[in-house]
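Heads up: the sequence lines are chains A and B, in that order. Read in order, the letters of the first sequence are residues 1 to 530 in the UniProt record's numbering. Read in order, the letters of the second sequence are residues 1 to 212 in the UniProt record's numbering. Backbone N, C-alpha and C define an ideal beta-carbon position, used for all residues, glycine too. Beneath this line is the structure, given in structure tokens, with notes to follow.
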Amino acid sequence: MQKVVFSVIVFTLALLALLRILYTPPLPNLKEMKLRQEYAIKPKPAVDHSLFPELQKDFKTPQEVTEACIGCHNQRHKEIIASSHWNWERISYIEGRGIASIGKSNVINNFCIGATSNEQACAKCHIGFGMGSDQFSFEAARNVDCMVCHDNSEEYIKGASMAGYPDRSVNLTKVAQNVGRPQSMNCGSCHFYSGGGNNVKHGDLEDALLSATREIDVHMAVNGINMTCVDCHSAENHQIKGKLYSVSSGNENRLTCDHCHTNTPHMDRMLNLHTARVACQTCHIPTYAKVNPTKMEWRWSEAGKLIDGQPYHIVDTITGAETYMSIKGSFVWKTNVEPEYFWFNGQASHYILGDKVDSIPVQVNRLMGSASDPQSKIFPVKVHRGDQIYDPKTKMLIQPKLWAAIKGDSAYWQDFDWNLAAEAGMKRVGLPYSGEYEFVETEMYWPVNHMVAPKDMALSCEECHTRHNSRLASITDFYMPGRDTNAGIDLIGKLLIIAAITGVILHTLGRIAASVKNREIETEVINTHQ
Amino acid sequence: MARVYIYRKFERFWHWTQAILIFYLALTGFEIHGSYSFLGYEQAVKSHRVAAWMLLILIAFSIFWHFTTGEWRQYIPTFSKLKAQIRYYTVGIFKGENHPTRKSPKSKLNPLQALTYLGFKLVMAPMLIITGLIYMFYRTIDANNMVIISDIPLETIASIHTLGAYLIIMFAIVHVYMTTTGETPTSNIRAMITGYEDLETDDDSSKATDTK
């Protein structure tokens, strides 16, 4: 008895010692705490522009404001003039194409297609004044729009179809006296509303971020660390960090989470090992378009329906989003969208005006990468699908002329004639048009980077590591534990187990039968003795 | 018949701890394989690793024990009575014949057992341990850009590891069943728990021959 009690005590102590050794208390994530402290202190402006005598005047034109800016900041305009926000294109080396200059001026998007021939309207998001046509001078410093990024008074707004000029209601003096570090709304005035409305294009950038909770975006949350765009997208010498792959193609000047968070941000080694091949966004942005819907599909082929010769539009009464517009076609909007996932190495190729279509659906931009490329990581992506006007003879996507101030100027949005719009648009970009058009399926890829969820809402392991409905079910070029199996091994294994169980059952039955029989024999033997 | 102390303390501790660990590894392992969902993937992975390290430590001790006590000799295969043993399990057992080999502390395993356990120790266990360790340390590129193991495809490693797991489950099924073929269905298990088993001694066998 004593021995039993003793051994139980020893065993219990040993077990407790083992548990103590194996238990690691949750350590504080010092890296994260340091970042929180760093970004809790908000930058204060070094100067008050409203006190400068140079700005105490009644500005009549926005160019006068720019001249006043350059009066002190006498080199900054050169940085702007070198930037892609100004040039709408940049030179890069593109895999499979070579050196090319690409940007908004020559690529196609899956929304309003392209800016060329529609500059008057599209230049609302150009950081300049007067880019109404291809006659714009990219050297004229006085046309640089400082205010659209630096206005801190929320007074400044660009006019609709005014070639980038501010709305006539804007009090330029008030704006000029209230310039400073860009606020989220400055960036958002273009990046939230691109494509013709809030959250149309990105899905992860929208005006709900201006008053977000932590559940929507941990970084920008007003009840959280309340960061602004430029806290991450820093802009040393106006070179803004970060790439938007609708227009960018190179793997340089990218902004990734590890710039702040390092590539070992977790307190768990296993999770840290994932960062080599899985982008942070993949787990930490389980859904995008968390508040307002984003456009997932846009079918130009359905544009042009008129009621009594007049264009019309249909609005979804629940979300308030337009599902049909005569000038644009039909749309599908979605909220709380699960991204699709792709390998991505930071390089993208684009359909450039004049390229021959080589596959359908046409990918107007294509993210490069694969499992075998060590630079590639798995990224969440918004894939926007639709159809666009296309010339079956020349096999080119068509840049149509969409916008004009008045009817009779070949613009589709006025005249609803695809033929005229195609002819005018292609003439402007200097490409042939056969006179025939049809609509072709198109896709556009938008890596999702914003709307990072709080860590307890990040993807759990089994959302990817599972046989059925894995988030990564579509990426099949690598073996993932929990999702993938070797069918042959599984079959052999199952057969082995079935064979073992069958053998055991048969053997048991045999032994039972034999013992019954043997007992009978014994009984008989006994009987004969009697 | 005599009550013989056949399994020593460490041997029993080793046997049952190994049994529990293997059962737990199979349970969590097949969850990681995607066969079912039980603990949750994260917990399954974490505890599979802990159990794996515990098993490795246990195996290290057992190897030490086997060599210091000379018990490793139990696994030297003998082919002399192998045929008889196979005949016993396939035919003799149904006829009520006696075991063709005699169990003793010096020779605990019958020839078929010795061969099977040797296979377990030299094929199944290394297959699982080696692939398991490679799996555990498998990286394409780790966070510090150090390539550790990337030339062997993960699928190959995982497949061999899984095959080993299937083999061990098959072994376990047959092994548990075979324990019922002793003197009574529970006498073998009882011996592995208490250490003592009623075994035929030389006297018994001479008596048995006498009666014939």
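Asked                                                                                                                          : Found
Three-state secondary structure (DSSP) of E97(B)                                                                               : coil
Where T323(A) sits in the DSSP three-state scheme                                                                              : strand
Nearest residue (CA-CA) to L209(A), options M185(A), E155(A) and V200(A)                                                       : M185(A)
Extent of the continuous alpha helix (DSSP H) run through F52(A)                                                               : Looking at the DSSP string, F52(A) is not in any alpha helix (DSSP H), and its letter there is neither H nor E.
Integer-rounded CB distance, given that L39(B) should sit under 8 Å from T28(B)                                                : 7 Å
Simplified DSSP assignment, three categories, for V10(A)                                                                       : helix
Within 9 Å of chain B by C-beta, residues of the stretch 472 to 483 of chain A in sequence order                               : F478, Y479, M480, P481, G482 and R483
Cross-chain neighbours of M170(B) in chain A, by beta carbon under 8 Å                                                         : L496, I497, A499 and A500
Buried or exposed (CB count within 10 angstroms, at least 16 for buried), M136(B)                                              : exposed
Segment contact flag, the stretch 246 to 261 of chain A with the stretch 333 to 347 of chain A, C-beta cutoff 8 Å, min 3 pairs : yes
Chain D residues whose Cβ lies nearer than 8 Å to that of L163(B)                                                              : Of the chains in the structure shown, none is chain D; the protein chains are A and B.
Any C-beta of chain A under 7 Å from that of E11(B)                                                                            : no
Bridge-paired residues (DSSP) for V198(B)                                                                                      : In the sequence under discussion, the amino acid at residue 198(B) is Asp, which differs from the Val named in the question. Beta-bridge pairing links D198(B) to R3(B).
Residues near N118(A) by beta carbon distance below 6 Å, same chain, minus five either side                                    : L402 and W403
C-alpha distance - A160(A) paired with N198(A), whole-angstrom precision                                                       : 15 Å
A143(B) at chain A interface by Cβ criterion, 7 Å                                                                              : Low per-residue confidence applies at A143(B): pLDDT is 46, beneath 50, and the placement is therefore not dependable enough to give any value.
Same chain only: Cβ atoms within 6 Å of A163(A), ignoring 5 sequence neighbours per side                                       : Q120, A123, G130, M131 and G132
Integer-rounded CB distance, given that T186(B) should sit under 8 Å from I489(A)                                              : Not a contact, Cβ separation roughly 36 Å.
C-alpha distance - A140(A) paired with A115(A), whole-angstrom precision                                                       : 21 Å
F478(A) versus A371(A) - alpha carbon distance                                                                                 : 6 Å
Inter-residue spacing [alpha-carbon to alpha-carbon] between Y41(B) and W16(B)                                                 : 26 Å
Three CB pairs or more closer than 8 Å across the stretch 380 to 393 of chain A and the stretch 430 to 442 of chain A          : yes
W16(B) in three-state terms, based on DSSP                                                                                     : helix
Pick from G96(A), H126(A) and S189(A) that is closest to Y165(A), judged by C-alpha positions                                  : H126(A)
DSSP three-state assignment for Q63(A), whether helix, strand or coil                                                          : helix
Per-residue burial, E31(B) [other beta carbons within 10 Å of its own, 16 or more giving buried]                               : buried
Residue-level contact to chain A via CB, L133(B), 7 Å cutoff                                                                   : no
The stretch 316 to 332 of chain A / the stretch 223 to 233 of chain A touching (three or more Cβ pairs under 8 Å)              : no
Short Cβ contact (7 Å threshold) for N263(A) with T282(A)                                                                      : no
Listed by chain order, chain A residues near G195(B) by CB distance under 8 Å                                                  : The premise fails here: G195(B) is roughly 14 Å from chain A at the closest Cβ pair, so nothing lies under 8 Å.
Chain-ordered neighbours of N251(A) on chain B, where CB pairs are closer than 8 Å                                             : Chain B residues near N251(A): none, gap ~16 Å exceeds 8 Å.
Beta strand (DSSP E) segment containing P380(A), residue limits                                                                : K377 to D391
Where H48(B) meets chain A, residues with beta-carbon distance less than 8 Å                                                   : In chain order: nothing, as chain A lies at least about 11 Å away.
Through-space distance from H66(B) to A60(B), alpha-carbon basis                                                               : 10 Å
Own chain partners of C232(A) with C-beta closer than 8 Å, once the 5 adjacent residues on each side are dropped               : H219, K241, G242, L255, H259 and C260
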